[in-house]
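Worksheet: the structure to be examined is printed underneath.
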Amino acid sequence: MNMAIPTFFKKHKIAIIIFLAALLVRALLFFISFNHNGGNLLNTISGYDGYYEISRNLADNGVFSVDSEAPFAPHPLRPPLYPYYLAGLLVLFGSYWVVTIFNLIIASLLPVLGFFIVKQAIAYERISIAAGFAMALEPFSALLSFIFYTETFFIFLFFIFLIFFFKYFKENSLRNIAWASVFLGLATLVKPTTQYLPIVIPILILWHFRKNISKKTFYHIASFAVIFLMLISPWLYRNYEEFGAVGMTAQPAFNLYMYFTPTVLSLDKGTEYKKELADLTARDGVDGTEINLSNSDYFISRSLNEIKNHPIGIIKSLGVSAVTFFTHDGVLTVFKHLNITIPGRFPKPAFMMFFNSPIQFFMTIWSILTVPLIAVILMKLFWVFVTAIFLLGVVLFMRKEKFSPQIISALFLVAYFAATTFINGLGINARFRQPVNLFIFMFAAYGLLNLKQSLSNRQAPLSK
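Per the numbering used here, residue -13 is the first one in the sequence shown, and the count goes up by one each step.
Structure, rendered in structure tokens:
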């Protein structure tokens, strides 16, 4: 026993250091935010997505609703697992302090899990270490570790799914594929973005085992599908009972109508997003709270009819979304929670302003230049650089390395999460990139190492 502990620390010292670095950054950011919120825990941890309100209602009234008083209308947008996780801890321990500590610990484990996932995907240990530390130190993910958004809990479950799924390609056992299905199902009950992955995963499995497909392969795929459906079916039934329609959430219809459509119209007409949203909702006599699964088809159809005559706006929106997905830094949000203000403001989104009115863009920056703004600019440049070397890394990997199912899955998942965010229009921020930051850092590190090797005129392959 006395020898086991030192042996464990020696064997896993890198993972332990990554965990401690992540915990230190997250705890420090939490206490700074807590201090700037006057020692008020709820102001520090409450987000804007309604999870605090739903968890409070579950604990106090047993209802899944954001309403502050009866009658409590069933909430149509948020999936169930994260609010029940928050409410369960609250009922069990009677304090949001315990919930916060749990979230901080789980968030500090994410870079460690990312480190192990990258080790499964790529043979270069330096790259897995770099990805782990990049995740540990990235400020926006540190902020999400204690605010009641779904990212931390979702990514925790999603990463465990990836560990079992990647392991399945090396050890194609029923145990691995079954646990992969369990954790993907649980992750989907936190954030339904992954609800379409069970359609793609069997294709990846069949492609990998294409030279040795057997009854066992189809049995594993069927087991994966059945377990996933069994896990999400109670929530599908709840939504059918409440709204008369089968589905995970009304969020796609809500985002298409409230975010994507006004974004397309504003980019096509050169107007403000808020103006187009106000005009759209005024024309239809709604404010967005009416959207649920029973009328999702109407709002989807209404959105498509509104944007069908604006193809240029659609193209611009997709382009802006793609760039924003990879380069949004989230530092302004971090500063907001730390009560650090930046004087002045841009009259329109900075990205659009840079391309449409570059002189006005630089004049605005000069007029409001402060230390916090310099930090924002530096982080923006950092993510632009990371995106560039990520793309370089992908190209170089395609030229130099053998593609494994893990690498194909990693590239697909980056594209998948990017594509599923397009519906959010100008509402996209760094939150949407969090589940695949590990793969972006992985390819970026590969690209950077190759670039460094090229600059030093070394022709030897990268060391493992």
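Each residue gets a CB set at the ideal place from its N, CA and C atoms; glycine is no exception. Just so you know, these numbers come straight off a predicted model, no measurement behind them.
{"Query": "Separation of valine 49 from valine 370, as counted between CA atoms", "Result": "44 Å"}
{"Query": "CA-to-CA distance, isoleucine 146 to tyrosine 243, given in whole angstroms", "Result": "33 Å"}
{"Query": "CB of leucine 412 within 7 Å of CB of tyrosine 226, strictly", "Result": "no"}
{"Query": "Distance between beta carbons of phenylalanine 150 and alanine 166, contact taken as under 8 Å", "Result": "4 Å"}
{"Query": "Buried or exposed (CB count within 10 angstroms, at least 16 for buried), asparagine 410", "Result": "buried"}
{"Query": "Backbone secondary structure at threonine 30 - three-state DSSP", "Result": "helix"}
{"Query": "Separation of lysine 366 from valine 414, as counted between CA atoms", "Result": "In the sequence as presented, valine is not what sits at residue 414; that position holds isoleucine. Computed Cα separation, rounded: 15 Å."}
{"Query": "Cβ-Cβ distance between alanine 308 and leucine 279 below 7 Å", "Result": "no"}
{"Query": "CB contact flag (lysine 177, threonine 136, <7 Å)", "Result": "yes"}
{"Query": "Alpha helix (DSSP H) segment containing alanine 106, residue limits", "Result": "Per the sequence presented here, residue 106 reads as glutamine, with alanine not at that position. Start and end: 82 to 107."}
{"Query": "Endpoints, the alpha helix (DSSP H) within which valine 306 is located", "Result": "297 to 313"}
{"Query": "Reference isoleucine 133, options Phe152, Ile301, His323, closest by Cα", "Result": "His323"}
{"Query": "Beta-carbon gap between serine 41 and proline 66 smaller than 7 Å", "Result": "no"}
{"Query": "Histidine -2 burial status per 10 Å Cβ neighbour count (16 or more: buried)", "Result": "exposed"}
{"Query": "Proline 297, buried or exposed, once every other Cβ within 10 Å from all chains shown has been counted against 16", "Result": "exposed"}
{"Query": "6 Å CB neighbourhood of proline 97 in its chain, flanking five on each side removed", "Result": "Ile4, Ala8, Gly118, Met121, Ala122"}
{"Query": "Beta-carbon contacts of threonine 30 that lie in its chain and below 6 Å, excluding the five residues immediately before and after", "Result": "Ser19, Phe20, Asn23"}
{"Query": "8 Å Cβ shell around histidine 61 - same chain, five flanking residues per side excluded", "Result": "Gly36, Ile40, Phe50, Ser51, Val52"}
{"Query": "The region 107 to 117 / the region 386 to 395 touching (three or more Cβ pairs under 8 Å)", "Result": "yes"}
{"Query": "C-alpha distance - glycine 379 paired with threonine 313, whole-angstrom precision", "Result": "16 Å"}
{"Query": "Own chain, CB closer than 6 Å to leucine 222, minus 5 neighbours either side, in chain order", "Result": "Val232"}
{"Query": "6 Å CB neighbourhood of valine 400 in its chain, flanking five on each side removed", "Result": "Val422, Phe425"}
{"Query": "Three or more C-beta pairs below 8 Å linking the region 264 to 283 and the region 205 to 218", "Result": "no"}
{"Query": "Host alpha helix (DSSP H) of phenylalanine 408 (start-end)", "Result": "Unbroken run through phenylalanine 408: none, as it is neither H nor E."}
{"Query": "Segment limits, alpha helix (DSSP H) that includes glutamine 439", "Result": "423 to 441"}
{"Query": "Between the CA atoms of alanine 239 and aspartate 283 - distance to the nearest angstrom", "Result": "7 Å"}
{"Query": "CA nearest to the CA of tyrosine 205, picked from Ile163, Asn241, Ile185", "Result": "Ile163"}
{"Query": "Three-state secondary structure (DSSP) of arginine 269", "Result": "helix"}
{"Query": "Secondary structure of arginine 196, DSSP reduced to three states", "Result": "coil"}
{"Query": "Residue of Ala1, Phe16, Thr(-7), Leu10 minimising C-alpha distance to valine 320", "Result": "Phe16"}
{"Query": "Member of Val362, Lys294, Asn291, Ser303 whose CA lies at the smallest distance from the CA of valine 317", "Result": "Val362"}
{"Query": "Range of the contiguous alpha helix (DSSP H) that encloses glutamate 39", "Result": "37 to 47"}
{"Query": "Limits of the alpha helix (DSSP H) - the one that tyrosine 154 falls within", "Result": "137 to 156"}
{"Query": "C-alpha distance - serine 440 paired with arginine 419, whole-angstrom precision", "Result": "29 Å"}
{"Query": "Same chain, Cβ closer than 7 Å to asparagine 325, neighbours up to 5 away in sequence not counted", "Result": "His22"}
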